[in-house]
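Protein chains in written order, with the working numbering: chain A, 1 to 73; chain B, 74 to 327.
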């Protein structure tokens with residue numbers, strides 16, 4: 001899936017920040033340790049007229065998750 | 074003759090009414106009736122006091138889904154949920170994206186649980202390969218409903234203390250339960266695995282849809298893909314109580 005790729009400053013500016021009463025931004029790292037943000041369609045609609053609308057203008061890239069070994073094997 | 078209904082009190086169970094009062098944006102009568110029946114059923118089976126947290130995740134949006142129905146106070150200390158970005162909310166389930174979506178419960182097992190008395194449960198609305206449905210760390214108290222290859226359901230205390238059994242379908246009601254050193258996992262009241270495993274209390278706050286390793290929610294979080302309509306966190310249950318809880322939650326989801 002695709003997500004919004006952020007630099008470290010962009011990530012630090014929003015990580016854990018609530019954008020409404022119930023929801024906060026969560027950024028995660030990919031296999032290359034780059035930071036990504038994933039927004040649902042309802043998230044995007046909600047952010048349009050907010051101070052976070054700039055996120056919607058950032059480019060999306062394919063996300064490759066980190067490899068985690070099965071700890072139970 | 075006009076009868077003032079307020080003369081006779083609410084039509085709902087008193088705790089259901091408290092939930093509706095707190096959850097004021099939940100106005101749909103059909104949903105409220107189903108929720109009310111859930112409260113009635115839990116009490117009739119003697120289960121209502123077995124939960125630390127009980128979440129209904131098919132009420133339509135984060136605002137409605139956030140409350141712990143057992144203690145519907147809008148605060149972290151009441152274990153109400155905070156949702157990450159990326160979820161899709163509907164009248165069927167809350168659906169994660171498997172790449173960073175999770176919810177904080179603020180429930181830390183180390184201060185809430187009793188040793189060897191724990192259950193974690195989910196009602197999945199689709200069958201999907203997944204990772205951690207409910208999790209914490211150091212020690213773990215984690216439920217995985219369909220993990221790895223071959224896909225396996227796990228209830229975990231740590232990577233060497235866990236019960237695991239093959240499971241290829243995580244739709245429906247799955248409960249991981251530890252009571253007095255016996256750990257078992259059931260799907261729709263059918264046993265997946267039972268083992269003698271003693272569980273320590275988890276060390277970080279529990280998360281829905283990920284493993285909260287080192288309290289970061291991001292480090293090796295292994296985010297879930299499972300759409301859920303219900304999740305519960307509570308005390309260890311007897312076999313009969315697990316059967317009864319399955320009945321209650323299946324009825325709610327019917």
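Built from N, CA and C at the ideal position, the CB exists for glycine as well. Since we're looking at a predicted model, the values are computed, not measured.
Against chain B, does residue i count as a neighbour if the rule is that its beta carbon must be under 9 Å from one of theirs?
| i | result |
| --- | --- |
| residue 61/A | no |
| residue 58/A | no |
| residue 31/A | no |
| residue 48/A | no |
| residue 9/A | no |
| residue 43/A | yes |
| residue 6/A | no |
| residue 26/A | yes |
| residue 54/A | no |
| residue 22/A | yes |
For residue i and chain A, any beta-carbon pair shorter than 9 Å?
| i | result |
| --- | --- |
| residue 279/B | no |
| residue 92/B | no |
| residue 146/B | no |
| residue 295/B | yes |
| residue 235/B | yes |
| residue 194/B | no |
| residue 121/B | no |
| residue 78/B | Bear in mind that the predicted position of residue 78/B carries a pLDDT of just 48, short of 50, making it unreliable; the figure below should be weighed with that in mind. No, its Cβ sits nowhere closer than 9 Å to a Cβ of chain A. |
| residue 157/B | yes |
| residue 166/B | no |
| residue 32/B | Since the displayed chain B opens at 74 and closes at 327, residue 32/B lies outside it and no answer follows. |
| residue 256/B | no |
| residue 266/B | no |
| residue 232/B | yes |
| residue 126/B | no |
Which two residues bound the contiguous beta strand (DSSP E) that contains residue i?
| i | result |
| --- | --- |
| residue 216/B | 215-220 |
| residue 53/A | Run containing residue 53/A: none; DSSP gives neither H nor E here. |
| residue 325/B | Careful: residue 325/B lies outside any beta strand (DSSP E), inside the alpha helix (DSSP H) at 312-325. |
| residue 256/B | 255-260 |
| residue 84/B | Taken as a continuous stretch (DSSP letters only), residue 84/B belongs to no beta strand (DSSP E), as it is neither H nor E. |
| residue 203/B | Note, residue 203/B: premise wrong, no beta strand (DSSP E); not H, not E. |
| residue 185/B | From DSSP, residue 185/B is part of no beta strand (DSSP E) but of the alpha helix (DSSP H) over 182-185. |
| residue 64/A | Taken as a continuous stretch (DSSP letters only), residue 64/A belongs to no beta strand (DSSP E), as it is neither H nor E. |
| residue 263/B | 263-269 |
| residue 248/B | 245-252 |
| residue 129/B | 124-129 |
| residue 155/B | 155-157 |
Provide the residue(s) that pair with residue i in DSSP beta bridges, ordered along the chain.
| i | result |
| --- | --- |
| residue 35/A | 6/A, 29/A |
| residue 301/B | 167/B, 197/B |
| residue 227/B | 217/B, 237/B |
| residue 309/B | Paired residues: none, contrary to the question. |
So residue i is in the alpha helix (DSSP H); what residue range does that whole segment cover?
| i | result |
| --- | --- |
| residue 236/B | Looking at the DSSP string, residue 236/B is not in any alpha helix (DSSP H); the run it does join, the beta strand (DSSP E), is 234-239. |
| residue 47/A | 41-47 |
| residue 23/B | Nothing in the structure corresponds to residue 23/B, since chain B is present only between 74 and 327. |
With the cut-off set at 9 Å, would you say residue i and residue j are in Cβ contact?
| i | j | result |
| --- | --- | --- |
| residue 68/A | residue 295/B | yes |
| residue 256/B | residue 270/B | yes |
| residue 151/B | residue 176/B | no |
| residue 302/B | residue 144/B | no |
| residue 190/B | residue 264/B | no |
| residue 212/B | residue 230/B | yes |
| residue 217/B | residue 279/B | no |
| residue 70/A | residue 35/A | no |
| residue 126/B | residue 184/B | no |
| residue 43/A | residue 233/B | no |
| residue 78/A | residue 173/B | For chain A, the structure presents residues 1 to 73; residue 78/A sits outside this window and is missing. |
| residue 260/B | residue 287/B | no |
Using only the heavy atoms of the ligand MN, determine whether one of them is closer than 8 Å to the beta carbon of residue i.
| i | result |
| --- | --- |
| residue 124/B | In the structure shown, the ligand MN is absent, as is every other ligand, since no ligand is present at all. |
Which bits of chain E does residue i rub up against, with CB to CB less than 8 Å?
| i | result |
| --- | --- |
| residue 288/B | No chain E is part of this structure, whose protein chains are labelled A and B. |
Fill in: alpha helix (DSSP H) runs contained entirely in the segment 93-122 of chain B, provided each spans 4 or more residues
Segments of the alpha helix (DSSP H) lying fully in the segment 93-122 of chain B: 102-117.
Worksheet item: Unbroken beta strand (DSSP E) runs of length 3 or more, entirely within the segment 274-298 of chain B: which are they?
Response: The segment 274-298 of chain B is shown to contain no whole beta strand (DSSP E) run of 3 or more residues.
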